[in-house]
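Quick notes on the structure that follows.
In UniProt numbering, the protein residues as written are 1 to 462.
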C-alpha cells in the first residue's frame with residue numbers, strides 16, 4: 001500500500017509590519033514610515049511579477065498627468081523629502097528642462113519613471129509574485145490577539161509562507177471592470193480592458209498592418225486618451241467610440257475645485273481626506289470627468305472631419321452617443337460583432353471590430369476572502385469592515401494586545417482611479433496618518449513592555 005509523500009513545510013517569517021500589496025498607496029506608506037523615522041521594518045507582499053509591475057498601468061505615455069507635479073508621493077507632507085518629484089528631477093538633471101514646460105502637469109511617461117525610481121528604493125523589502133491567501137489572528141495567553149499570520153503562495157515556486165507580524169496593512173486595489181456582455185471568456189483577446197491594451201494596440205496599428213477597426217466602449221478619461229492617441233497613429237484604421245451618455249463631462253478647472261482639503265486647523269482634520277472630497281460611496285465602476293484640453297482636441301478632430309466629409313458615417317474617427325452595448329459575439333474570422341442600442345432615439349447599431357477596448361473604469365477589490373477568518377470570528381465592530389480616521393480597521397473593543405493593529409487603505413471614497421492619478425491629491429496625507437497610527441501602536445507596545453519589566457523587577461525584589 002502506497003503512502004502519500006510528506007507535505008511541504010510552510011516557511012514562517014517574522015516581520016514588524018506586513019503590507020499586502022505594493023501599489024501606489026503601499027509605496028506611499030513605505031515612504032511615510034521612512035520619513036517618520038519609525039523603527040519598524042516593512043515587508044510588502046505583491047502579487048504582480050516584478051517584470052510586469054506598472055505603477056500607472058498600460059496607457060498612452062504621450063499625455064500629461066491630470067494632477068499637478070506637487071501632488072507626488074510626499075511633497076505635501078514634507079517638501080524636503082528625498083522622495084519628492086523635484087528631487088527626482090534634480091538627480092536626473094531634468095529640473096531646468098522641466099521648468100521650461102508650459103504645463104505644471106508632468107508627462108505621464110516621466111512621472112512613471114519617478115514612481116519606478118521611488119520603487120527601486122524599496123527593492124529589498126518587496127516580495128513579488130506573492131499571492132495572499134488569508135489573514136488569521138494569533139492569540140496570546142490572555143486570549144487577546146498578539147499578532148497576525150498572513151498566509152501566502154509564491155506563484156513562481158509554489159512555496160507557501162506564513163508571514164507573522166503585529167501590524168498588517170491591507171492596500172485595497174481596484175480591478176479592471178469589464179461589463180458582463182464584453183467579459184465572456186470566448187471574446188478574448190479581441191476584447192481587452194483599457195489598462196492592458198497598449199501592447200495589442202501597437203501590434204494592430206503598425207503602419208504596415210492591414211486595415212483595422214477598433215471600438216472604444218466607455219466615457220472615461222482613459223477612453224478619451226485612447227481615442228486621441230489613435231488619431232495620431234499612422235495606420236489604416238477606423239475608430240468608433242461608443243458613449244453611453246448624451247455628452248462627455250468636462251473636468252472642473254477652477255482654483256477652488258482644484259484646491260486641497262480644508263486647513264489642518266479646522267475640525268475636518270480628523271476626517272479622512274477621501275471624505276472631504278465629493279464622492280459616491282458605492283462600488284460602481286469608477287469614472288471621472290475628462291480633461292478640458294483633451295476634450296478640446298477631440299472636438300477639433302471631429303470638426304476637421306466634418307469640414308471634409310458631411311456624412312459622419314464615413315469618418316475614420318466617430319463618436320456615437322447614447323449607445324448601450326446589447327450584444328457581442330466572436331465571428332469565424334476572429335472579429336467581434338458588436339451591437340448597441342440608442343437609448344435616446346431607439347435605433348440600433350451593429351459593426352465588426354478587430355479589437356474592442358473596454359474603457360469602463362475599475363471596481364474595488366473585495367477583502368472578504370482575505371478577512372474570512374476575522375469575519376467568521378466576529379472580530380469586526382459591526383456587520384462589515386470599517387476604518388477610523390487613521391485607517392485602522394474597527395475591531396471589537398479589547399480584542400487586541402498593545403502594539404497590534406490592522407489597517408486598510410482604499411476602503412473608503414472614490415479617489416482611486418484607473419491609474420491612481422485621482423488619489424495623488426490625498427496620498428501623502430493618507431499615508432502620514434497610517435504611519436502616525438503605526439508609530440503610536442509601537443509606543444503603546446513599548447510602554448506596556450516597560451510597565452511589565454518594572455512590575456517583574458518589583459516582584460523579584462519582594
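Glycine included, every Cβ here is placed at the ideal spot set by N, Cα and C.
Residue range of the beta strand (DSSP E) that residue i falls in?
i: residue 324; result: 323-330
i: residue 139; result: 130-139
i: residue 160; result: 160-171
i: residue 43; result: 42-45
i: residue 183; result: Looking at the DSSP string, residue 183 is not in any beta strand (DSSP E), and its letter there is neither H nor E.
i: residue 320; result: 317-320
i: residue 142; result: Unbroken run through residue 142: none, as it is neither H nor E.
i: residue 199; result: No beta strand (DSSP E) contains residue 199, which is instead part of the alpha helix (DSSP H) from 198-204.
i: residue 193; result: 191-193
i: residue 349; result: 348-353
i: residue 242; result: 237-242
i: residue 463; result: Residue 463 is absent from the model: the chain starts at 1 and stops at 462.
i: residue 337; result: 336-342
i: residue 176; result: 174-176
i: residue 472; result: What is shown of the chain runs 1 to 462, which leaves residue 472 out entirely.
Could you give the residue range of the alpha helix (DSSP H) that holds residue i?
i: residue 218; result: Element bounds for residue 218: n/a, residue is neither H nor E.
i: residue 551; result: Any question about residue 551 goes unanswered here, given that the chain covers just 1 to 462.
i: residue 304; result: 292-308
Determine the burial state of residue i: buried for a count of at least 16 other Cβ atoms within 10 Å of its Cβ, exposed for fewer.
i: residue 213; result: buried
i: residue 96; result: exposed
i: residue 423; result: buried
i: residue 350; result: exposed
i: residue 41; result: exposed
i: residue 442; result: buried
i: residue 368; result: exposed
i: residue 139; result: exposed
i: residue 11; result: exposed
i: residue 402; result: buried
i: residue 108; result: buried
i: residue 175; result: exposed
i: residue 84; result: buried
i: residue 347; result: exposed
i: residue 67; result: buried
i: residue 414; result: With a pLDDT of 47 at residue 414, under the threshold of 50, the modelled position of this residue cannot be trusted, and the question is left open.
i: residue 73; result: buried
i: residue 427; result: buried
i: residue 228; result: buried
i: residue 208; result: exposed
i: residue 340; result: buried
i: residue 433; result: buried
i: residue 313; result: exposed
i: residue 50; result: exposed
i: residue 64; result: buried
i: residue 344; result: exposed
I believe residue i touches residue j by the beta-carbon criterion, under 8 Å. Please report the beta-carbon distance rounded to the nearest angstrom.
i: residue 370; j: residue 134; result: 6 Å
i: residue 328; j: residue 187; result: 6 Å
i: residue 104; j: residue 69; result: 6 Å
i: residue 25; j: residue 409; result: 5 Å
i: residue 217; j: residue 357; result: 7 Å
i: residue 76; j: residue 204; result: Residue 76 to residue 204, Cβ: 41 Å. No contact.
i: residue 98; j: residue 114; result: In fact, because the Cβ distance is near 11 Å, the residues do not count as touching under 8 Å.
i: residue 290; j: residue 251; result: 6 Å
i: residue 154; j: residue 130; result: 6 Å
i: residue 233; j: residue 317; result: Between residue 317 and residue 233 the Cβ distance is about 11 Å, and since that is not below 8 Å, they are no contact.
i: residue 151; j: residue 136; result: 7 Å
i: residue 380; j: residue 394; result: 7 Å
i: residue 331; j: residue 309; result: With a Cβ gap of about 28 Å, residue 331 and residue 309 do not count as contacting.
i: residue 195; j: residue 57; result: 4 Å
i: residue 100; j: residue 35; result: That pair is no contact at about 30 Å.
Give a yes or no on whether the minimum CB-CB distance between residue i and chain C is below 8 Å.
i: residue 376; result: Protein chains in the displayed structure number just one, and chain C is not present.
Please confirm whether any heavy atom of the ligand FMN lies closer than 7 Å to the CB of residue i.
i: residue 444; result: As presented, the structure is devoid of all ligands, the ligand FMN included, so that no description of it is given.
Problem - Segments assigned beta strand (DSSP E), at least 3 residues, entirely inside the region 367-451 - result: Counting only runs of 3 or more, we get 405-409.
Practice task
Say whether the region 393-412 touches the region 145-152, bearing in mind that this needs 3 or more beta-carbon pairs closer than 8 Å, one atom from each stretch.
Solution key: The region 393-412 is in contact with the region 145-152.
Problem - Entirely enclosed beta strand (DSSP E) segments - the region 28-103, minimum 3 residues - result: As far as the region 28-103 is concerned, its whole beta strand (DSSP E) runs of at least 3 residues are 42-45.
Problem - Meets three-Cβ-pair contact criterion under 8 Å: the region 34-51 and the region 120-128 - result: Touching, yes.
Exercise for the section: Flag this pair as touching only if the region 169-180 and the region 14-23 have three or more C-beta atom pairs under 8 Å; answer yes or no. Expected result: By the Cβ criterion, the region 169-180 is in contact with the region 14-23, since at least three pairs of Cβ atoms, one from each stretch, lie closer than 8 Å.
Handout entry: Given 8 Å, three or more beta-carbon pairs between the region 218-225 and the region 300-319
Key = Note that the region 218-225 does not touch the region 300-319; fewer than 3 beta-carbon pairs, one per stretch, sit closer than 8 Å.
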